[in-house]
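Its first residue numbered 893, the sequence shown is counted upward by one per residue in the working numbering. Ideal placement from N, C-alpha and C gives every residue a C-beta, glycine not left out. Since we're looking at a predicted model, the values are computed, not measured.
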Amino acid sequence: MAQTRIAGTPVTLGRNGRTPKTLRNRLASAPMERNYGTTDGYITEQYIDYLVTRAKAGLGLVTTEATYVRADGKGRTHQLGLHTDDMIPGLRRLNEALHAEGALAAVELNHGGRTAQAAVSGFKNLAPSPVPCPTAGGEVPRELTAAECYELVAAYAAAARRAVAAGFDVINLHGAHGYLIHQFMSPISNHRTDEFAAPEFFLNLVIDAVREAVPDTIVGMRVSVVEGPADGISAEQQVAIVAKAHLDKLDFLDISAGSYDAGEWIVQSGEWKPGILADYAKAYRQFGLPLGMAGRLNSPEIIEEVLSQGTCDFVSLARAIHADPAFVGGVLRGERYRPCIACNVCIDNLGLGQVTCTVNPAVGRSRVPVPTAAVRPDSKVLVVGAGPAGLTAARELAEAGARVTLMDGGVRPGGQFAMAERMKSTPDFHRFAEWSNSENERLGVEVRLAARVDISDAGKLAREVGADAVVLATGGLRPTPGFIGADLPQVSDVRDWLSAHPDILDGDSSAAVPEAVTIWGGDSVAMSVADTLASLGTAVLIVGPQAALAPESGRRAKILAVPRLEANPKVRIFLSSTIEEYDGSRVRISRAGVEDQWVEAPGDLLVSRSVLPLDGSITHEEREAGLSLAASVPVALAGTVVDTSPAIVSNAVKSGYDAAQRIAATLAGSGMGAEFAGKVPSRWSSPAKPHDSGEFGAEQSERQPRRLGLAQLSLVGTAPPDLVTIAAQAGFDFIGARVRPVTASERPYDLQPGSPMLRETLARMADTGITVEDIEFLLLDGTGLQNGTDQRQAWLQMMEAGQALGASTLTVACADPDLDRFGDHLAQMTLDGKAYGIMPTLEPIAYQAVRSIPQAAALARRAGCKIVVDALHINRFGGSLDELAATADLVPLIQLCDGPSSPPGNREGLVKESRSERGVPGEGEFDLASLVAAFPAGTAVSVETPSDSRVAALGESGWAKHLRAAAGAVLTTLTINNAALTGSTK
């Protein structure tokens, strides 16, 4: 079959004299929105990495996403835009990278119309008629005037010109899914009586304008073959509308389905058959255009089927390649891949933040995926618990090179997830379990089932199996039923009941399907079990304290199950209700503001109350640290045993993945600094070249003058945009930006991607030429927290801000008395930083735990990072010039200040001096010339001289100019001295 797969054959687009473009194969990525852009619509490094990774996998055509053509058409917080020329450079960079991988690049032009809400776009929404979209938010749109309709047509044309300028090969017009063009087609949203009442009129204006704007570009249109609601566009009506379109100006059609009012058609449930749109596609063959098709194309078999039968000419893939870009190799060459399970967590996350994935825990984590570190040879890890968290941790660690033993008390891997795969609404869940089993075999994971494990002593467990580390993923605690009569024989946990009745879920025709059951709880498990049993004819009573069924699940994940339950006459649902008592046939229900009610409760009473993590009085990090200390080996917790987020598969898989990364970082060998595949181009500072002495020649000094920067600490109360302006006025080359406060009293600055302050900072950097070299400041004290935030989350957020600013280093200091633990954290930070192009630089500080050059150098070399030298602390802890020269290759930045030779008498005095009253370079007693001379000319210098009193006296700008002049005098003196030493007269 590998020799005859049609999916691997080229397909050419372009007609009526337009220059053709050939896709290397028939696999295209669909314009799936992901919220990976900035709030201004710019492409990010994370998004570029995501798309380029899929181009590398072999896609013929890579499409970004539905991209808004005008700011009032923005429907997602981090959606990409083509509304201004400012978008072009970033998208051009993306397209150059896609082309380098052999893929064509496409963009889908869109305007949200009534689905765009003012809360997101900042503009009043507009539409053909004032018909709100409840699913999108319910804002009543203002009806467009005819003149405004033509203005929007022009916006599509302008965006098309920008797309071509950015290097896109293909433009797709979004005429589907309930967006603006589709709104003009639909009787639901178009009640007009003017010329725009004709469903094809606006569409044709857009086609004509775009074709005129980009006469030689490949242009197609996405169409919903059926709108979904009964009063919407039928399949036959949609074909008739397309027949009236100006098809001679298009090069292809791309068929999808649905609208906001029928979201089950846009992203289909696993209950629906693969290739669900194939039957609808046949009607579009009459138009003679190349045809693309989406819709449950989740296996190589169904893709080959629709292509070989001529149903379509290429396929549009979304969830399958989101779950794993290796799916492309699976289709083209039969290679292994991680399967999509059609859970629809991806689309449900779109309204919440970045689009994640249940089975692929690396995507949608607000960063470029960070590869798991390779572990030392012969490392052995014990994973206890074979649910989704344990399976994920085991596989990830085995991939990292560990020998893994996986133990579970069940008779098959999967834990409770093994039951979910047999529910009516989640029939594709079995694919994850089957893939996990095959991965276990491929990677040599030793699986021990029906194993009773005492997890109270992780150290003993580790010794018994010879493990170097342990992952505990044993699941959360089941809450007690909490009502009178819970001890009656009819009462059982829903999971125990399912385990005792496997024949019912297996579809055994002889199984004794219960006539009735009562379920206490309204979580996602209760919903799935109720839906499955009700479909078999069981009468179901659901009583749950939740205000809605399965609140932890997204709308699309339950879009079919909940309406089915609500419409079933044999299903009774009591929400916002509590069972107070059970007498064996009835339950007493309590609801706020209503008198208690006895309700008939036939059949067994199944308790479905989710699970609870361990006691949250101590943090996750503190618990792991305590377990690791007691066990004498690293111990990580994963899944619902510790995770306080909703107990759904997606969160469990991410938790297992993160636990594996933590364990791998502790077991990593000297290869921590190796290059990793798939990361963004490196912006790490090049190491300084070692030299024989502390001297460097005048030739080098003059040809490579030291870059001089202004540290945020010199003006700690000044916002970064203003610091850029002040630095430029004073004559500095760069700044160090304080993106996170060190103390609670410091003013916090929001420089996260998309923030107004970041936009303003970047704008001033562009205007002045000032760059950001370093971001500050992280102090790790061993608690696992940073000003109340998880420390890893804190540094990842800092790195994201640093990446947006173009910085290359992040300054970190150590207040942790356990230097081994700190070293592990520093190694993890260094590993994480590779994805952002951010290098941690460890600063030895006289009053902290790391307070010498040798200490800092040893830790930095172990972690693979750098150090930063501060003139104040070098003098306060007595660093020598020999120590400095020996570490020159580790130092990208010198922090310059001055002071008296005698230090303050106590720690409090050192802290005050460091943070608020340092001396101006050249005005104190430090030998700054010798300090700076210990490093090559390429080592940058940053003036870090806070002085509250002198800032008050001189003003911010005056203080900055004074510092620049003083630092310049020090460096000039150094240059003159070097010239004298080398005999240069230049």
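Look at CYS1706 here: in three-state DSSP terms it is strand. For TRP1389, the uninterrupted alpha helix (DSSP H) run begins and ends at 1386-1392, by DSSP. Counting of Cβ neighbours within 10 angstroms places LYS966 among the buried residues, the total reaching 16 or more. If you look at GLY1221, you'll find it in the alpha helix (DSSP H) that goes 1219-1225. Taking the Cα of THR1410 as reference, the smallest distance to any Cα among MET979, GLY1436, SER1391 is reached at GLY1436. For TRP1164, the three-state secondary structure derived from DSSP is coil. For ASP1379, there is no enclosing alpha helix (DSSP H), as DSSP gives it neither H nor E. Rounded to the nearest whole angstrom, the CA to CA distance from VAL1760 to HIS1066 is 51 Å.
The alpha-carbon of ALA1127 is positioned some 32 Å away from that of LEU1428.
Closest in alpha carbon position to ALA1265, among CYS1249, LEU1643, GLU1288, PRO981, is GLU1288. Less than 9 Å separates the beta-carbon of SER1420 from that of MET1315.
Non-local beta-carbon contacts of GLN1075 in its own chain, meaning distances under 7 Å to residues more than five positions away in sequence, involve GLY1005, ARG1006, ALA1019, PRO1020, SER1081, ASN1082 in chain order. When the Cα atoms are used, ARG1456 and LYS1450 turn out to be separated by approximately 10 Å.
Membership of PHE1669 in the beta strand (DSSP E) is indicated by the continuous run 1663-1672.
One Cα belongs to HIS1322, the other to ALA1122, and the distance between them is close to 33 Å.
The C-beta distance from SER1116 to ALA1234 rounds to 19 Å, too long to meet the 8 Å contact threshold. Pairing ALA1418 with TRP1412, the inter-Cα distance amounts to about 8 Å. For the pair of segments examined, the region 1150-1166 was found not to touch the region 1293-1310: the number of CB pairs separated by less than 8 Å stays below three. When Cβ pairs closer than 8 Å are counted between the two stretches, the region 1101-1113 is seen to touch the region 1043-1063, the count reaching three or more. ARG1651 and ALA1696 have their alpha carbons spaced roughly 10 Å apart.
A distance below 6 Å between beta-carbons, with the five flanking residues on each side excluded, links SER1839 to the following residues of its chain, in chain order: GLU1809. With the rule of 3 Cβ pairs closer than 8 Å, the region 1234-1248 does not count as touching the region 1512-1527. With distances taken between CA atoms, ARG1799 lies nearest to GLN1740 out of VAL1824, GLN1740, SER1772, GLN1009. Taking VAL903 as the centre and dropping the five residues before and after it, the same chain places the C-beta of LEU915, ARG918, ASP1205, PHE1206 closer than 6 Å to its C-beta, in chain order.
Here PRO1526 is not near LEU1498, since their CB atoms are 9 Å or more apart. Looking at the DSSP output, TRP1490 sits in a beta bridge with ARG1480. Contact annotation: ALA1523 and ASP1349 have beta-carbon atoms nearer than 9 Å. Take ALA1010, set aside five residues on each side of it, and the residues of its chain with a beta-carbon closer than 7 Å to its own are LYS1016, ASN1017, GLU1031, in chain order.
DSSP places ILE1063 within a strand segment (E or B) once states are collapsed to three.
Annotation for PRO1732: the continuous beta strand (DSSP E) segment containing it runs 1731-1734. For the options ASN908, GLU1331, PRO1494, the alpha carbon positioned closest to that of ALA1408 is the one of PRO1494. Counting only runs of at least 3 residues, the region 965-1032 fully encloses the following beta strand (DSSP E) elements, listed from N- to C-terminal order: 996-1002. Taking GLY1377 as the centre and dropping the five residues before and after it, the same chain places the C-beta of VAL1383, GLU1473, TYR1474, ASP1475, GLY1476 closer than 8 Å to its C-beta, in chain order. Non-local C-beta neighbours of GLY906 in its own chain, meaning closer than 7 Å and more than five positions away in sequence, comprise PRO912, LYS913, ILE1110, ASP1143, ordered along the chain. As summarised for the region 1784-1814, the continuous alpha helix (DSSP H) elements at least 4 residues long and confined to that stretch are 1799-1808, given in chain order. By the C-beta density criterion, GLY900 is buried, having at least 16 other C-beta atoms within 10 angstroms.
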